[in-house]
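> One structure is given below, represented as structure tokens, and several questions about it will come after.
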Amino acid sequence: MGIVGWSGSGKTSLVVEVLPILRERGLRVSTMKHAHHRFDVDVPGKDSFRHREAGASEVLVVTSSRWVLMHESREEPEPSIESLIERMTPVDLLLIEGFKTHPHPKIEIHRQSEGKPLLCPDDPDIVAVASDVPLPGLKIPRLDLNDPGAVAEFILAHGSGQART
């Protein structure tokens, strides 16, 4: 399930509120987040940064509590969601934040205070809108943005084919 919306709409906030609810239900959940091109997980001066700058195609950094694999794309195009998912460990549910132009089921985050138009009229893959205000005339389900439990229930129902329409 994807979580999409304009920058600053609260996508990450909703994901981190929904995650513990899904985990409490016994699900193994992973996330994928699309970041801006200027974002970097590595820091100049660190050994891993130096490895990449020296030309390593991939750098695997390992500690006793986690590991991270950095793949240097250089001249390669951005990888597809499908190819990235293939690299991930299988889980019960994958939440995808961003990737709003990719065709997959998505919940749109809409905050009236942002003053941005809804994305759903132009995106048939948006299956619901989580909003902080009523949206009269909406042709898909509207979820209360301030009720992460209801959003989690919708995600679970949608995944099982039981989502309300």
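Take 12 as the starting number for the sequence shown in my numbering and just add one per residue.
Ideal placement from N, C-alpha and C gives every residue a C-beta, glycine not left out.
1. Using a threshold of 7 Å, state whether the C-beta atoms of alanine 161 and proline 152 are closer than that.
2. Using alpha carbons as the reference points, say which of Pro132, Ser18, Met12 and Ser20 lies closest to methionine 43.
3. Are the CB atoms of valine 54 and phenylalanine 60 within a distance shorter than 7 Å?
4. Return yes when the Cβ of isoleucine 107 is within less than 7 Å of the Cβ of alanine 141, no when it is not.
5. Classify serine 84 as helix, strand or coil using the three-state DSSP reduction.
6. Could you give the distance in angstroms between the alpha-carbon of histidine 82 and the alpha-carbon of histidine 113?
7. In whole angstroms, give me the CA-to-CA distance for leucine 130 and glycine 16.
Taking the geometry as given:
1. no
2. Met12
3. yes
4. In this structure, isoleucine 107 does not lie closer than 7 Å to alanine 141 by Cβ.
5. coil
6. 21 Å
7. 7 Å
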